[in-house]
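Written out below as structure tokens is the structure these notes cover.
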Amino acid sequence: MRTLILGGARSGKSALAERLAGAHADVVYLATAQPLDGEMDARIAHHRARRPAQWGCVEEPVELAAALRAHAAPGRCVLVDCLTLWLSNVLGHEDETLFERERSALLSALPGLSGSVLLVSNEVGLGVVPMGALSRRFVDEAGRLHQALGEVCERVAFVAAGLPLVLKGPPL
Amino acid sequence: MRTLILGGARSGKSALAERLAGAHADVVYLATAQPLDGEMDARIAHHRARRPAQWGCVEEPVELAAALRAHAAPGRCVLVDCLTLWLSNVLGHEDETLFERERSALLSALPGLSGSVLLVSNEVGLGVVPMGALSRRFVDEAGRLHQALGEVCERVAFVAAGLPLVLKGPPL
Amino acid sequence: MRTLILGGARSGKSALAERLAGAHADVVYLATAQPLDGEMDARIAHHRARRPAQWGCVEEPVELAAALRAHAAPGRCVLVDCLTLWLSNVLGHEDETLFERERSALLSALPGLSGSVLLVSNEVGLGVVPMGALSRRFVDEAGRLHQALGEVCERVAFVAAGLPLVLKGPPL
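Taken in sequence, the protein lines are chains A, B and C. Per my numbering, the first sequence starts with residue 1, numbered consecutively. Per my numbering, the second sequence starts with residue 1001, numbered consecutively. Per my numbering, the third sequence starts with residue 2001, numbered consecutively.
Right under this line is the structure:
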């Protein structure tokens, strides 16, 4: 089962994903954050503090498809938190061909993975169109990625105020 | 049947509208975009490339009510893509009375149109309040327009990750 | 019954809350706006003009928990419009300890209130992450507040185009 969990900033999407992951005995947390500044450090620490100690943890800011292939396994749940930071990492990379390669690799890898995969991502396209061309590109690629994932995931949920709304697939 | 399709940037709302229009033998695509810059040109070309060749196409950036009255017909589906650009065109027009007139004309015209009408529009009011007064005005008028359309349309759907959520009316 | 009504700018959330309040004989409108500028004055006047004359009205920009405790009563409906302005008032206050105190007071007060309470709040976290650290803080605290309220409220609705979508609790 592949589940995409979409929601706004501080909507409770990570907490929901962690609750879902908690139903599995074997969980690998796949973190895409790069601790580049104090604000991000604080967020990473905040997320880490509430995860069970027995969960595995892998950090992979860029090569997400390879990491998923390496860690997904029958009976295991891999929780990717979050796609937004990965997208930001690959879109902002100095190698401009990286984004298309990593995006294709992710979309190709997902259908063949064993076990459960939970993908957490920020919905960012519901405000005014941002001024900067880079921000517009980011919003566009995030939206396109979510559409593509909406096809390959068996379940898609939208979270607001910590409450999920299932857009596709079985109830949570 | 009048259907309003709301969604964020790259949420898949146009693709959904095109899928719904595809169920009709006679379709007129009513484009509101004005190809003023390269970025917009690319978006217009991207939308055009995936539309069936037999669909009629009308371009009308401002006088939307008149265009709808001219082209709606029994057994035909008119797809308006999108209200957001039309709103931007009429709000930004040098004739400051144009917006109220065109807005009233649209809301008056809709209930009397024959056939099917699909209206695609961007939800833009779910981010932080924008800094500029013009952007705030745009967000406010988009929200008010959607509320008014929510009353005169028989069906309203919200799209995320390409997946529709029906807020009003029969399922899609 | 405690109901949280979330929605974007001009989504029709206040109109929905007023419609729900209208089912009660005894209504107190608890306004959190501070009429500091002309734009806000116009919004306050717009909201006031459509409220029934017999509703009580209380203005409290900061001490929301105390105002709720003072005015909630069996058989009465208190409509708080809106939490977003209150959050902005307490986050921006010169006393930096005020926010945490008022937030805790609100979350502690809510479960014990008599009668009906309707809380209107803006969803602001579904656009791109804002540039300014203050705006990011605001988005984060709004999201966290909504999550906490999502737990203590018996009903949560998300409004778009004037149409509610119930995320928790009985239908509207």
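Note that CB positions come from ideal geometry on N, CA and C, so glycine has one too. Quick caveat, the model's predicted, so the values are computed rather than measured.
| Check | Outcome |
| --- | --- |
| According to DSSP, is E1059(B) part of a helix, a strand, or is it coil? | strand |
| Looking at chain A, is there any beta carbon in it that lies within less than 7 Å of the beta carbon of V1139(B)? | yes |
| Please tell me whether L1098(B) and A1033(B) are closer than 7 Å, where the distance is taken between their beta carbons. | no |
| Between D1081(B) and L1030(B), what straight-line distance do the alpha-carbon atoms span, to the nearest angstrom? | 6 Å |
| Q1147(B): which of A2073(C), L2163(C), E2059(C) sits nearest, CA to CA? | L2163(C) |
| What residue does the beta strand (DSSP E) around A2161(C) start on, and which one ends it? | Looking at the DSSP string, A2161(C) is not in any beta strand (DSSP E), and its letter there is neither H nor E. |
| Straight-line CA distance for V2058(C) to L107(A)? | 54 Å |
| Taking A1133(B) as the reference, which of A2025(C), V2027(C), L2172(C), G2038(C) has the closest Cα? | G2038(C) |
| Check whether the Cβ of V1124(B) lies closer than 7 Å to any Cβ atom in chain A. | yes |
| Quick one: residues in its chain with C-beta nearer than 8 Å to the C-beta of E1018(B), no 5 flanking neighbours on either side, listed in chain order? | R1050, R1051, L1079 |
| Give the C-beta separation of V1120(B) and H1071(B) to the nearest angstrom, bearing in mind that I take them to be a contact with Cβ-Cβ under 8 Å. | Not confirmed; about 16 Å, so no contact. |
| What residues from chain A crowd round P1130(B), counting only those whose CB sits closer than 7 Å? | V128 |
| Establish whether the CB of L163(A) and some CB of chain C are separated by less than 7 Å. | yes |
| Cβ of E1102(B) within 7 Å of Cβ of V1090(B)? | yes |
| Classify A1160(B): buried if its beta carbon has 16 or more other beta carbons within 10 angstroms, exposed otherwise. | buried |
| Residue range of the alpha helix (DSSP H) that D2140(C) falls in? | 2133-2152 |
| When we look at the beta-carbon of P1111(B) and count the other beta-carbons within 10 Å, is it buried (16 or more) or exposed? | exposed |
| So which residues on chain A does R1010(B) lean against when the C-beta distance must stay under 9 Å? | G125, V139, D140, E141, A142, G143, R144, L145, H146, Q147 |
| Is A2133(C) close to chain B, meaning its C-beta is less than 7 Å from at least one C-beta of that chain? | no |
| Mind pulling the chain C residues with CB within less than 9 Å of G1150(B)? | G2012, A2160, A2161, G2162, L2163 |
| Alpha carbon to alpha carbon, what distance is there between L2016(C) and V1128(B)? | 21 Å |
| Relative to the alpha-carbon of A2067(C), which residue among R2010(C), G2022(C), L2113(C) has its alpha-carbon at the smallest distance? | L2113(C) |
| Just tell me which of H1024(B), S1014(B), L1087(B) has its CA closest to the CA of S1116(B). | H1024(B) |
| What in chain C is Cβ-close to L1064(B), meaning under 9 Å? | Those do not exist, as L1064(B) stays about 18 Å from chain C at its closest Cβ, beyond 9 Å. |
| What number of angstroms, rounded off, separates the C-alpha of A2045(C) from the C-alpha of D1140(B)? | 16 Å |
| How about W2083(C): is its C-beta nearer than 7 Å to some C-beta of chain A? | Just to set this straight, residue 2083(C) is Leu in the shown sequence, not Trp. Closer than 7 Å: no. |
| Which residues does DSSP list as the beta-bridge partners of T2003(C)? | L2118(C), R2155(C) |
| In angstroms, rounded to a whole number, what distance separates the CA positions of L1126(B) and W1055(B)? | 34 Å |
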